[in-house]
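Each remark here refers to the structure printed beneath this line.
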Amino acid sequence: MQLLDGKKAAQAIKDELKIDVAQLAAEGKKIPHLAAILVGNNGASETYVGAKVKACEEVGFKSTLIRFEDTISEMKLLEKIQELNTDPDVDGILVQLPLPKHISDDEVINAIDPEKDVDGFHPVNAGKMMQGVPCFVPATPHGIMLLLEHYKVDTKGKHAVVVGRSNIVGRPMSILLSSNSNPGNCTVTVCHSQTKDIKSFCLQADIIVAALGKTEFITADMVKEGAVVIDVGITRVEDAAKKSGFKLKGDVAFDTVAPRCSWITPVPGGVGPMTIAALMKNTYHSCMLRN
Ligand code: GUN
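Dropping the structure here:
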């Protein structure tokens, strides 16, 4: 078993970006600027947005964190997005999800200028991804593709089973893995909450992407010997022994699944850091396209 070390691969990507940004600065050119909006004080969202802002600092990007109380109206949030859309200094806009119930995710995502939609959630980017034309690809599936590329995992002709069909991970992941690209060129099966006998599909998989948000759902008896296992789960579970009061658990029972795998991602330190590296790449790319 070999570890798909997302921390290491993400660092390599950030180190490259750091050199590119230093070059831009040395030439007196504009440096990338990410604006992140956080509504409310959900602990996990705070952590994720904090990590995104920190990564910007690390690679030399400018970042702006905009915080709102969870009582903010949808209208006020949309106004802020409009302001960021027209601000020529801002290259990337992200609104951390989930949003409070009285705000429509779709209205908010649709309001972001597709050319600044570094999360790749806008229907224009989703449509372009479907067509296989250049666009912003959602950070988590993009990060997974970068991880497979970094470790030169052979995906051509393999059977990939994606467990989960969310707009953020499962669905885009299934499109990318089935694309005529490297990594890619997989035969893809998408399993979801209504799939009968998920185990029978997983047992046929050369590659499993677990993105359903249920801790330790994928167990050793569901995994074929030699499979590649990508764990997207990051559920917080209480742990009094930890200073934070919780630990992160994946969707894969790592200890028993790992010995069966050719490659597997750990949690934490697998997909999480790659998501952030991919967001940094998208933001850099946006800056390059806009200037
Ligand atoms: N919530 C969970 N994942 C994501 C993500 O990739 N981007 C944003 N904006 N919110 C999220």
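Each residue of the sequence shown is one higher than the one before, counting from 180 in our numbering.
For each residue, glycine too, the CB sits at the ideal point set by N, CA and C.
Measure from the alpha carbon of residue i to the alpha carbon of each residue in the options, then state which is nearest.
i    : options                : result
D284 : K335, K403, H301       : H301
V269 : K209, V388, S252, A339 : K209
R246 : P320, G322, K255, G349 : K255
S252 : N221, E286, E417, K337 : E286
G239 : K193, S379, R344       : K193
V480 : A432, G343, L382, L263 : Here the chain comprises residues numbered 180 to 470, so residue 480 is not present and cannot be evaluated.
T250 : V228, K241, L217       : L217
Is it buried or exposed, residue i, if we count other Cβ atoms within 10 angstroms and call 16 or more buried?
i    : result
S465 : buried
L468 : exposed
Q373 : exposed
K378 : exposed
K280 : exposed
With respect to the beta strand (DSSP E) encompassing residue i, which residues constitute its N-terminal and C-terminal limits?
i    : result
F247 : 241-247
I272 : 271-274
E258 : That residue, E258, is in no beta strand (DSSP E); its alpha helix (DSSP H) goes 253-265.
D268 : Looking at the DSSP string, D268 is not in any beta strand (DSSP E), and its letter there is neither H nor E.
Taking the CB atoms as reference points, tell me whether residue i and residue j lie closer together than 7 Å.
i    : j    : result
P452 : A189 : yes
D410 : D430 : yes
L196 : Y463 : yes
L427 : I413 : yes
C370 : A406 : no
V332 : W442 : yes
G349 : V340 : no
L273 : A215 : yes
I260 : I282 : no
A299 : L213 : With the sequence shown as reference, residue 299 is identified as Gly, and Ala is not the correct amino acid for it. No; because the gap between Cβ atoms is not below 7 Å, this pair is not in contact.
L327 : P362 : yes
V450 : G185 : yes
Start and end of the alpha helix (DSSP H) containing residue i?
i    : result
G336 : Element bounds for G336: n/a, residue is neither H nor E.
K375 : That residue, K375, is in no alpha helix (DSSP H); it is neither H nor E in DSSP.
C235 : 222-238
G349 : 349-357
D434 : 433-436
H164 : Residue 164 lies beyond the residue range present for the chain, which begins at 180 and ends at 470; the question has no answer from this structure.
T462 : 450-469
D292 : Taken as a continuous stretch (DSSP letters only), D292 belongs to no alpha helix (DSSP H), as it is neither H nor E.
Cβ-heavy atom distance between residue i and the ligand GTP below 6 Å?
i    : result
D268 : For the structure depicted, the ligand GTP is absent and the ligand set comprises only the ligand GUN.
Since residue i and residue j should fall inside the 8 Å C-beta cutoff, what is the C-beta to C-beta distance between them, to a whole number of angstroms?
i    : j    : result
N364 : T334 : 6 Å
T398 : V436 : 7 Å
M308 : V297 : Their Cβ separation, rounded to whole angstroms, is 14 Å, which puts M308 and V297 out of contact at 8 Å.
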